[in-house]
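Chains A and B, in that order, give the protein sequences. With UniProt numbering applied, the first sequence has no gaps in its numbers, which climb one by one up to 216 at the end. With UniProt numbering applied, the second sequence has no gaps in its numbers, which climb one by one up to 245 at the end.
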Amino acid sequence: MSPMKLCVPGDKLCSTDDCRPGTGVYMRHGYIYSSLAGYVLRKNEGEELPVISVVRETETQLLPDVGAIVTCKVTSINPRFAKVHILYVGSTPLKDRFRGTIRKEDVRATEKDKVETYKSFRPGDIVLAKVVSFHLLMEQLIFWLFTLDLPAQISLGDVQSNYLLTTAENELGVVVAHSEAGAQMVPVSWCEMQCPRTHTKEFRKVARVQPEYLHA
Amino acid sequence: MAGLELLSDQGYRLDGRKAPELRKVQARMGVFAQADGSAYIEQGNTKALAVVYGPHEMRGSRSRTLHDRAVINCQYSMATFSTAERKRRPHGDRKSTEMSLHLKQTFEAAVMTQLYPRSQIDIYVKVLQADGGNYSVCVNAATLAVIDAGIPMRDYVCACTVGFVDETPLADLCFAEESGGGSSLALALLPRGGQIALLQMDARLHQDHLETLMEAAMTACKGVSKVLDEVVRQHLQEVSVLTGE
Numbered sequence: 001m002s003p004m005k006l007c008v009p010g011d012k013l014c015s016t017d018d019c020r021p022g023t024g025v026y027m028r029h030g031y032i033y034s035s036l037a038g039y040v041l042r043k044n045e046g047e048e049l050p051v052i053s054v055v056r057e058t059e060t061q062l063l064p065d066v067g068a069i070v071t072c073k074v075t076s077i078n079p080r081f082a083k084v085h086i087l088y089v090g091s092t093p094l095k096d097r098f099r100g101t102i103r104k105e106d107v108r109a110t111e112k113d114k115v116e117t118y119k120s121f122r123p124g125d126i127v128l129a130k131v132v133s134f135h136l137l138m139e140q141l142i143f144w145l146f147t148l149d150l151p152a153q154i155s156l157g158d159v160q161s162n163y164l165l166t167t168a169e170n171e172l173g174v175v176v177a178h179s180e181a182g183a184q185m186v187p188v189s190w191c192e193m194q195c196p197r198t199h200t201k202e203f204r205k206v207a208r209v210q211p212e213y214l215h216a
Numbered sequence: 001m002a003g004l005e006l007l008s009d010q011g012y013r014l015d016g017r018k019a020p021e022l023r024k025v026q027a028r029m030g031v032f033a034q035a036d037g038s039a040y041i042e043q044g045n046t047k048a049l050a051v052v053y054g055p056h057e058m059r060g061s062r063s064r065t066l067h068d069r070a071v072i073n074c075q076y077s078m079a080t081f082s083t084a085e086r087k088r089r090p091h092g093d094r095k096s097t098e099m100s101l102h103l104k105q106t107f108e109a110a111v112m113t114q115l116y117p118r119s120q121i122d123i124y125v126k127v128l129q130a131d132g133g134n135y136s137v138c139v140n141a142a143t144l145a146v147i148d149a150g151i152p153m154r155d156y157v158c159a160c161t162v163g164f165v166d167e168t169p170l171a172d173l174c175f176a177e178e179s180g181g182g183s184s185l186a187l188a189l190l191p192r193g194g195q196i197a198l199l200q201m202d203a204r205l206h207q208d209h210l211e212t213l214m215e216a217a218m219t220a221c222k223g224v225s226k227v228l229d230e231v232v233r234q235h236l237q238e239v240s241v242l243t244g245e
């Protein structure tokens, strides 16, 4: 295998006529430059131009992107929203926890106003959620200001710097939850989970996990 | 007895260098395992350590979050044993705050912050021994640390402090030359594009000399960038040998 080429930030790699930019590079005046110190990787993708990117051995911190599926842990709940810590983005673990919020209206797609967060999540649950666009947050803020419906608990600081998440899809919601007895519960339907020890059912917004991911 | 001559008749400076010569630069990357990126640099007798954390979620005042970019948070501090007399207040004094602000401005120009919206990158620099050119050495150390952390940058940021004595620009000033009373100009440069990230000058300088001084500073910065380049490439090769690529 031919040795891969080393490059440092600012190295001119090629022109935009030869390759398309991938990760770890930036474009300027029709040329592609490296922005990381690492190895140059050129990938051919069939008909289109090859993609050129710079890779390092250790991946840098990934940030939750809009539209990404994230795995998070519920830390506290509130009649209006649930606060979570984002642990994984896709299947990559994060080095640092990020904070997120799941609002009452975003818990499920139907009957949004009849949702009770106490019956959807509990602290300690592991939840699959999707990051919602930030602009929606601003629209929501403007809507709140116009209708004077600004919730008392949310301060402007919280609104702007939290990731807004949604579980309003069948595949999103609670994946792992422990019952009040302490045992891991088994999902019964989309809104109930049952404890195997005490056989009591508890309400949760359950995620419909694809069959291939379910262990026996 | 006459005062110390900053530039002798034969063209030698106090430490035996010629006017455009830089001090010996030795640097290492990845000195700390717990930080995301770290670097240690010695330029002559000036020693500085830089540590980078991030990008991570905004800590502290959440209202300073920027929705489209990362916030760069710099802190410059000097060790109490770094100067000839023990420093009473290593950080929080005006000089340190000003240096921190300059570092922040410099790195906001070079780091591609728009790739990490609503997050924060911390750069902490500590001067262990101060022998002139503190700001420049800190910038060089922080560049290496940011590269070590894998945060994308447009180009290296190289800095150098130059002075002007007897119509001759002196590159990479040491403490005696800085405090000798002449003007000192600190320049932070992105060497490949020739773009200036920060330009700062103390004391007075005649307008006619500014061009020559800036030329000398740019040449010196490009010299520093060559050395830093070597350090980065060597570190990459060492790391790849260890991971068996």
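For glycine and all other residues, C-beta sits at the position ideal for the given N, C-alpha and C.
is_contact[residue i, chain B] using C-beta, thresh 8 Å
{"i": "A/V188", "result": "no"}
{"i": "A/L36", "result": "yes"}
{"i": "A/L63", "result": "yes"}
{"i": "A/F98", "result": "yes"}
{"i": "A/Y26", "result": "yes"}
{"i": "A/P123", "result": "no"}
{"i": "A/L6", "result": "yes"}
{"i": "A/R108", "result": "no"}
{"i": "A/T101", "result": "no"}
{"i": "A/R197", "result": "no"}
{"i": "A/G90", "result": "no"}
{"i": "A/E57", "result": "yes"}
{"i": "A/I154", "result": "Confidence at A/I154 is low in this model, with a pLDDT of 43, below 50, so the placement of that residue should be treated as unreliable; the coordinate-derived value is given next. No, A/I154 does not count as interfacial toward chain B."}
{"i": "A/G30", "result": "no"}
{"i": "A/P50", "result": "no"}
Proximity to residue i [Cα-Cα], best of the options
{"i": "B/H67", "options": "B/N73, B/G60 and B/P117", "result": "B/P117"}
{"i": "A/F81", "options": "A/F98, A/I52, A/D113 and A/V66", "result": "A/D113"}
{"i": "B/V231", "options": "B/Q10, B/M99, B/E5 and B/Q26", "result": "B/Q26"}
{"i": "A/N78", "options": "A/G90, A/F121 and A/D96", "result": "A/F121"}
{"i": "B/G44", "options": "B/V71, B/A149 and B/S136", "result": "B/S136"}
{"i": "A/P9", "options": "A/C19, A/H85, A/V40 and A/D18", "result": "A/V40"}
{"i": "B/I121", "options": "B/S179, B/F107, B/Q10 and B/V241", "result": "B/F107"}
{"i": "B/L190", "options": "B/V241, B/A109, B/V162 and B/E57", "result": "B/A109"}
{"i": "A/Q184", "options": "A/V176, A/W190 and A/C191", "result": "A/V176"}
{"i": "B/A4", "options": "B/K95, B/F175 and B/A35", "result": "One point to set straight first is that residue 4 of chain B is Leu, not Ala, in the sequence displayed. Ranking the options by Cα distance to B/L4, first place goes to B/F175."}
{"i": "A/C72", "options": "A/T117, A/V84 and A/M193", "result": "A/V84"}
{"i": "A/L13", "options": "A/I32, A/P21 and A/M4", "result": "A/I32"}
{"i": "B/R28", "options": "B/Y76, B/H206 and B/I147", "result": "B/I147"}
{"i": "A/P196", "options": "A/V206, A/V209, A/S189 and A/G182", "result": "A/G182"}
{"i": "B/F164", "options": "B/T143, B/R204 and B/A145", "result": "B/R204"}
Cutoff 8 Å: residue i Cβ touching any chain A Cβ
{"i": "B/V239", "result": "yes"}
{"i": "B/L236", "result": "yes"}
{"i": "B/T243", "result": "yes"}
{"i": "B/I147", "result": "yes"}
{"i": "B/G150", "result": "yes"}
{"i": "B/R154", "result": "yes"}
{"i": "residue 319 of chain B", "result": "The structure shown does not extend to residue 319 of chain B, since chain B is modelled only from 1 through 245, so no value can be given for it."}
{"i": "B/Y116", "result": "yes"}
{"i": "B/R233", "result": "yes"}
{"i": "B/D229", "result": "yes"}
{"i": "B/E57", "result": "yes"}
{"i": "B/S119", "result": "yes"}
Where residue i falls: helix, strand or coil (DSSP)
{"i": "A/F121", "result": "coil"}
{"i": "A/G38", "result": "strand"}
{"i": "A/K5", "result": "coil"}
{"i": "A/M185", "result": "coil"}
{"i": "A/G157", "result": "Only weak support is given to the placement of A/G157: the predicted model assigns it a pLDDT of 39, under 50, and the question is left unresolved by the model."}
{"i": "A/A82", "result": "strand"}
{"i": "A/P196", "result": "coil"}
{"i": "A/E105", "result": "helix"}
{"i": "A/R208", "result": "coil"}
{"i": "B/L7", "result": "strand"}
{"i": "A/R97", "result": "strand"}
{"i": "A/S179", "result": "coil"}
{"i": "B/L242", "result": "helix"}
{"i": "B/T219", "result": "helix"}
{"i": "B/R13", "result": "strand"}
For residue i: DSSP bridge partner residues
{"i": "A/T71", "result": "A/Y88 and A/L128"}
{"i": "A/Y33", "result": "A/K12 and A/Y26"}
{"i": "A/K43", "result": "A/V51"}
{"i": "A/K201", "result": "A/Q194"}
{"i": "A/V174", "result": "A/V127 and A/V206"}
{"i": "A/P21", "result": "A/I52"}
Distance cut-off 7 Å: residue i Cβ against heavy atoms of the ligand GTP
{"i": "B/K87", "result": "With respect to small molecules bound, the structure shown includes none, and the ligand GTP cannot be examined in it."}
What ranges does the alpha helix (DSSP H) occupy inside the UniProt domain "Exoribonuclease phosphorolytic" (21 to 152) of chain B, keeping only unbroken runs of at least 4 residues that lie completely in it? 94 to 110 and 134 to 149
Mind listing, in chain order, the continuous beta strand (DSSP E) runs of no fewer than 3 residues lying wholly within the stretch 155 to 189 of chain B? If only complete runs of 3 or more residues are kept, the stretch 155 to 189 of chain B shows the beta strand (DSSP E) at 158 to 165 and 168 to 171, in order along the chain.
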